[in-house]
Amino acid sequence: MSRYVLPLVAVVTLIVFLVIGLTRGDPRALPSPFIGKPAPQFELPTLKDPSATVGSSDLAGQVVLVNVWATWCVQCRVEHQFLLDLASKGEIPIYGINWRDTRPEALRWLQQLGDPYVASGFDVDGVVGIDWGVYGAPESFLVSADGVVLFKQLGPLNRQIWERDFVPLIASSGAAQ
Amino acid sequence: MKRFLILISAMLAVAPVAAIDTGKAFDDPELQARYDKMISEVRCLKCQNQSIKDSNVFLASDLRREIRRLIAEGKTDAEIQDFLVTRYGEFALYRPRTTGKTLILWIAPFLLVLFGVFAMFRILRHRMSMPIDDDAVKSGGAE
């Protein structure tokens, strides 16, 4: 009887790993190496005024959402309404990084769909995107008041994800201040 | 058959033309070699399972540009790997570094081979200790 034990354990182990692997959610999603670490420093010209800048110093001292977006990004259009909703309710200041886009198109996007951002940086050649480890828009980073990345959302945000993943972190981050 | 071979060789001949990054990045052949090796070992995060050498999405070309810049600035390969790993994690490297978390990736194959050899010895020893008659060989063979 005991000679069946080892193969059985091996098969069960294999099945457990297969189940974990298959139910892990999006296999392309990568964990951000920045979680729990200081957000990368950045400074970019703003979308609306090339002579003005937006950067790390503007984020400091408040919990903010940094949202990477582009007009060529279909999923950004999907989440845009929710960002407007967040902004209009004053739930969190949202800073945009307009990634690999053109200024006229990005400005038209904000004009037509509404502008949820306190300011959007214009990252035309994707340098800041690389510094933040961005590999596909939309991506949203929750950054604490002392500049630590608390969470990263890949893909479009919505109310459900917001309540589940962001709100508890914002609450505990505020309580720790 | 001869026609077929000519056709195949003609198709092979044009394949390099479709390569993405053909332009020379550096005049110095040593730097160029480092660059070529580096970009073929960095994963394109947007188009996973391609290297940034083989991909034409803009993220790949952005990363190639950053690697060119870092090499031109005189950064070592290790420093460039650090640059990528701090931003995208170990997953960005096709050849994971032998440190900490990735150690298991490197030693697991050897451990599995050792385990296999050990198991084989156990089974062989067990069989050799069995009495040699036809019935025993049959039941041993069916194990």
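Chains as they are written, first to last, in my numbering: chain A, 1 to 177; chain B, 178 to 320. From the three backbone atoms N, C-alpha and C, an ideal C-beta is built for every residue, glycine too.
Contacting residues, own chain, Cβ-Cβ under 7 Å from B:Glu320 (five flanking each side not counted): As a working note, residue 320 of chain B is residue 143 in the second sequence. In this predicted model, B:Glu320 has a pLDDT of only 44, less than 50, meaning its place in the structure is not dependable enough to derive any value.
Best match in A:Pro50, A:Leu22, A:Arg159 and A:Ala39 for proximity to B:Thr263 [C-alpha to C-alpha]: As a working mapping, residue 263 of chain B is identified with position 86 in the second sequence. Of the listed residues, the one whose Cα sits closest to B:Thr263 is A:Ala39.
Please tell me whether, using a cut-off of 6 Å, the distance from the CB of A:Glu105 to the nearest non-hydrogen atom of the ligand MG is below it. What this structure holds is no ligand at all, so the ligand MG is not there to describe.
Cα-Cα separation, A:Val78 to B:Glu207: Start at 1 with the first residue of the first sequence, and residue 78 of chain A comes out as number 78. Start at 1 with the first residue of the second sequence, and residue 207 of chain B comes out as number 30. In this structure, the straight-line span from the alpha carbon of A:Val78 to that of B:Glu207 is close to 47 Å.
Suppose the cutoff is 6 Å on Cβ atoms and the five residues either side in sequence are ignored; what does the same chain contact list for A:Phe82 look like? The residue labelled residue 82 of chain A in the question sits at position 82 within the first sequence. Closer than 6 Å at Cβ, skipping near neighbours: Leu157 and Asn158.
From B:Phe295 to A:Gly21, what does the alpha carbon distance come to, in whole angstroms? Residue 295 of chain B sits at position 118 when you count from the first residue of the second sequence. Residue 21 of chain A sits at position 21 when you count from the first residue of the first sequence. Taking the straight line from one Cα to the other gives about 29 Å.
Give the secondary structure of A:Arg164 by DSSP, where H, G and I count as helix, E and B as strand, and everything else as coil. Numbered from 1 along the first sequence, position 164 holds the residue referred to as residue 164 of chain A. Looking at A:Arg164 - three-state DSSP - the assignment turns out to be helix.
Which residue wins for smallest C-alpha separation from B:Phe235, given the options A:Asp101, A:Phe166 and A:Ser140? One-based indexing of the second sequence puts residue 235 of chain B at position 58. If we check each option's Cα against that of B:Phe235, A:Asp101 comes out closest.
Please classify B:Gln258 as buried or exposed, where buried requires at least 16 neighbouring CB atoms within 10 angstroms. To locate residue 258 of chain B, count along the second sequence from 1; it is residue 81. Per the 10 Å Cβ criterion, buried.
Going by beta-carbon coordinates alone, are B:Leu222 and A:Tyr117 separated by less than 7 Å? What you label residue 222 of chain B is simply residue 45 of the second sequence in a count that begins at 1. What you label residue 117 of chain A is simply residue 117 of the first sequence in a count that begins at 1. Going by C-beta atoms, B:Leu222 is not nearer than 7 Å to A:Tyr117.
Helix, strand or coil at A:Asp123 according to DSSP, with G and I counted as helix: Reading the first sequence from its first residue, position 123 is the one you call residue 123 of chain A. DSSP, read as helix, strand or coil, puts A:Asp123 in strand.
Taking only the alpha-carbon atoms, compute the straight-line gap between A:Thr23 and A:Phe17 and give it to the nearest angstrom. Against the first sequence, residue 23 of chain A aligns to sequence position 23. Against the first sequence, residue 17 of chain A aligns to sequence position 17. Cα to Cα, A:Thr23 sits roughly 10 Å from A:Phe17.
Close-in-space but distant-in-sequence residues of the same chain around A:Val124 (CB under 6 Å, 5 per side omitted): Counting from 1 along the first sequence, the entry for residue 124 of chain A is found at position 124. Excluding residues within five positions, none has a Cβ falling inside 6 Å.
Can you confirm whether B:Gly266, when its beta carbon is compared against all beta carbons of chain A, has any partner nearer than 7 Å? Reading the second sequence from its first residue, position 89 is the one you call residue 266 of chain B. By this cut-off, B:Gly266 is an interface position.
If we count the other Cβ atoms within 10 Å of its Cβ and call it buried at 16 or more, is A:His80 buried or exposed? To locate residue 80 of chain A, count along the first sequence from 1; it is residue 80. By the 10 Å Cβ count, A:His80 comes out buried.
Helix, strand or coil at A:Ser172 [DSSP, three-state]: Locating residue 172 of chain A in the first sequence gives position 172, where the first residue counts as 1. DSSP places A:Ser172 in helix when its eight states are reduced to three.
Considering only the alpha carbon of each residue, which of A:Asn98, A:Ile15, A:Gln41 and A:Pro50 lies closest to A:Ser57? The residue labelled residue 57 of chain A in the question sits at position 57 within the first sequence. Selected option, being the one with the closest Cα: A:Gln41.
DSSP puts B:Arg220 in a beta bridge; with which residues? For the purposes of this step, residue 220 of chain B is identified with residue 43 of the second sequence, where counting begins at 1. BP columns for B:Arg220 point to B:Ser228.
At least 3 beta-carbon pairs within less than 8 Å: the stretch 130 to 145 of chain A vs the stretch 277 to 284 of chain B: Under the three-pair Cβ rule at 8 Å, the stretch 130 to 145 of chain A does not count as touching the stretch 277 to 284 of chain B.
Are A:Pro45 and A:Phe151 touching if we call contact CB-CB under 7 Å? Sequence index remark: in the first sequence, residue 45 of chain A carries index 45 (1-based). Sequence index remark: in the first sequence, residue 151 of chain A carries index 151 (1-based). No. Outside cutoff.
Quick one: does A:Tyr117 have its CB under 7 Å from some CB of chain B? Taking the first sequence and counting its residues from 1, one reaches residue 117 of chain A at position 117. Not an interface residue.
Distance check for B:Lys230 and B:Ala237, CA to CA, integer angstroms please. The residue you call residue 237 of chain B lines up with position 60 of the second sequence. The residue you call residue 230 of chain B lines up with position 53 of the second sequence. About 8 Å.
Assign B:Glu250 to one of two classes, buried (16 or more other C-beta atoms within 10 Å of its C-beta) or exposed (fewer than that). Counting from one through the second sequence, the residue named residue 250 of chain B turns up at place 73. Within a 10 Å sphere around the beta-carbon of B:Glu250 sit fewer than 16 other beta-carbons, which makes this residue exposed.
Span of the alpha helix (DSSP H) around A:Gln81: Stepping through the first sequence from its first residue, residue 81 of chain A is reached at position 81. Here the alpha helix (DSSP H) through A:Gln81 covers Val74 to Ser88.
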